[in-house]
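Undergrad: Below you'll find the structure I mean.
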Amino acid sequence: MAIASYKGGVGKTTLASVIASIFSERFNRKVLIIDVDPQSNITEVFIPPREFEKLINISKSHGKVFSLEWIAGAGEPLIYSVTNNLSILPSKPEYIGLAKFLMVPLERIQGLRKDLENKMNMYDYIIFDLPPQMYGLIGPLIKVVDILVTPVTKTSFALSALYYLIRDIRGSPPHENPPFIGAILTRFRKNEAMAIEMYRRRIKRIVEEAYQSLAMKWEFSDILTPTFNSVFYAHPKLADIRALPMDKNDNVRMIRLVRGLLKYSPQILSFVEPLAKELEYRINIALSRK
């Protein structure tokens with residue numbers, strides 16, 4: 001599954017973080033996060049700074065590589081176990097300086113699919129946290145996954161990003177992959193019912209126009225709405241997820257250390273659980289139609 005948008009700042013990393021946490025903690029699913037963003041935001045969410053330094057040393061001594069090197073076919077992936085059910089293939093900040101040179105060869109896409117099928121088949125879900133379009137990695141990598149989800153915020157540019165994302169993904173082969181299963185409204189507040197309904201209508205129109213421009217019809221129009229029923233509402237605690245790495249003395253963040261063990265914030269998981277249930281429902285529908 002890819003959580004992607006051409007626009008930055010729409011909540012991709014925060015959304016990926018909480019979805020992975022709920023799937024692993026509440027739903028007892030085995031989850032692997034693959035951090036493909038050179039900014040390494042989701043890596044910082046789940047890996048404390050001291051642990052990250054250890055991973056750098058392990059990478060050097062054991063010949064393991066971080067996410068973008070593995071994607072380029074440069075070695076075996078370094079996978080960090082966060083909990084029994086949640087693991088991450090981390091990115092690293094030094095990729096920022098290399099981002100404009102990073103390309104995924106077309107012949108590597110098939111190799112990535114085989115790696116995911118053969119080496120990572122013990123996971124129920126693999127979540128790609130992709131960078132904004134500026135890095136040029138979205139198109140090739142989305143074609144590796146089975147499901148596409150995109151967050152949309154209260155900006156017209158986010159709607160334009162949705163339109164062009166669908167156009168680009170559906171317009172390049174293989175045209176059937178990955179199936180788009182809906183947009184998730186993010187950073188709305190519960191008292192913004194009118195704005196939420198307006199954006200639902202706009203997204204429906206945008207999705208229809210994007211598919212019509214390719215002489216296609218959205219394949220789930222008979223059973224799903226283009227926008228998730230559940231909204232990823234603004235929440236004061238969610239603002240800390242990207243900004244701060246976990247800390248054993250902090251009770252606010254989504255994930256923290258308690259007596260040496262990682263614990264999730266039950267308030268945040270309960271807050272987002274309805275969205276995670278709908279996501280799994282939509283995923284199952286998409287996979288059943290393949």
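For what it's worth, UniProt numbering labels the leading residue of the sequence shown as 1, then goes sequentially.
No residue lacks a Cβ here, since even glycine has one placed at the ideal position from N, Cα and C.
Can you give me the C-alpha to C-alpha distance between Lys204 and Ile3, rounded to a whole angstrom?
TA: Their backbone Cα atoms lie some 19 Å apart in a straight line.
Undergrad: Taking only runs that begin and end inside the segment 28 to 86, name each unbroken alpha helix (DSSP H) of 4 or more residues, in chain order.
TA: 41 to 46, 49 to 62, 67 to 71, all fully within the segment 28 to 86.
Undergrad: On the three-pair Cβ rule with 8 Å, is the segment 165 to 176 touching the segment 184 to 198?
TA: No contact exists between the segment 165 to 176 and the segment 184 to 198.
Undergrad: So the alpha helix (DSSP H) Gly8 belongs to, where does it begin and stop?
TA: Segment: none, Gly8 is in no alpha helix (DSSP H) and carries neither H nor E.
Undergrad: Determine the DSSP secondary structure at residue 293, reduced to helix, strand or coil.
TA: Since the first residue shown for the chain is 1 and the last is 290, residue 293 is missing from the structure and cannot be characterised.
Undergrad: Contact check, Pro179 vs Gln39 under 8 Å by CB: the rounded distance?
TA: Actually they do not touch by this definition, with Cβ atoms about 27 Å apart.
Undergrad: So, for Pro93: in the same chain, excluding its five sequence neighbours on each side, which residues have a beta-carbon less than 7 Å away from its beta-carbon?
TA: Counting only Cβ-Cβ distances below 7 Å, and skipping sequence neighbours, we find Ser40.
Undergrad: Beta-carbon within less than 7 Å of Tyr233's beta-carbon, same chain only, minus the 5 sequence neighbours each way: which residues are those?
TA: Closer than 7 Å at the Cβ level, and outside the excluded window around Tyr233, lie Phe188, Arg189, Lys190.
Undergrad: Starting from the C-beta of Gly8, find all residues in its chain whose C-beta is less than 6 Å away, skip the five residues before and the five after it, and write them out in chain order.
TA: Once the five neighbours on either side are set aside, the close Cβ partners of Gly8 are Pro132.
Undergrad: To the nearest angstrom, how far is it from the Cα of Ala20 to the Cα of Glu273?
TA: When rounded, the distance between both Cα atoms is 11 Å.
Undergrad: Report the three-state DSSP secondary structure of Ile147 (helix, strand or coil).
TA: Three-state DSSP puts Ile147 in coil, outside helix and strand.
Undergrad: Cβ of Pro90 within 7 Å of Cβ of Phe128?
TA: No, they are not a contact pair.
Undergrad: Taking the alpha-carbon positions, what's the Lys64 to Leu106 distance?
TA: Each residue's alpha carbon lies about 23 Å from the other.
Undergrad: Would you say Phe46 lies against chain D (beta-carbon separation less than 7 Å)?
TA: Going by chain labels, chain D is absent from the structure shown, which holds only one protein chain.
Undergrad: Select from Ile268, Gln110, Ile285, Tyr123 the residue whose C-alpha is nearest the C-alpha of Ile181.
TA: Measuring from the Cα of Ile181, the nearest candidate turns out to be Ile285.
Undergrad: Measuring straight from C-alpha to C-alpha, what distance separates Tyr80 and Gly11?
TA: Rounded to whole angstroms, Tyr80 to Gly11 spans 23 Å at the Cα level.
Undergrad: Quick one, which of Glu25, Ser5, Tyr6, Ala16 has its alpha-carbon nearest Ser270's?
TA: The option with the nearest alpha carbon to Ser270 is Glu25.
Undergrad: Can you give me the Cβ contacts of Tyr164 inside the same chain, cut-off strictly under 7 Å, excluding the 5 residues immediately before and after it?
TA: Contacts found: Tyr6.
Undergrad: Contact defined as beta carbons within less than 8 Å: I believe Tyr95 pairs with Val31. What is the distance between those atoms, to the nearest angstrom?
TA: 23 Å between Cβ atoms; not a contact.
Undergrad: Smallest Cα separation from Ile283: which of Ser17, Thr14, Phe23?
TA: Minimum Cα distance to Ile283 is reached at Phe23.
Undergrad: With distance defined between alpha-carbon atoms, name the residue in Ala195, Ile206, Leu55, Ile126 nearest to Asp146.
TA: Answer by Cα proximity: Ile126.
Undergrad: According to DSSP, which residues form a beta bridge with Thr186?
TA: In the DSSP output, where bridge partners are listed per residue, Thr186 has Phe232.
Undergrad: Measuring straight from C-alpha to C-alpha, what distance separates Ala74 and Met194?
TA: C-alpha separation (whole angstroms): 50 Å.
Undergrad: Check Phe220 in the structure and name its three-state DSSP category.
TA: Coil, per DSSP.
Undergrad: Bridge partners for Ala2 per DSSP, in chain order?
TA: Note: Ala2 sits in a beta bridge opposite Phe128, Leu148.
Undergrad: Comparing C-alpha positions only, which one of Ala72, Pro77, Glu51 sits nearest to His62?
TA: Of Ala72, Pro77, Glu51, the residue nearest in Cα terms is Pro77.
Undergrad: Rounded to a whole number of angstroms, what is the C-alpha to C-alpha distance between Val82 and Ile34?
TA: Whole-angstrom Cα-Cα distance: 13 Å.
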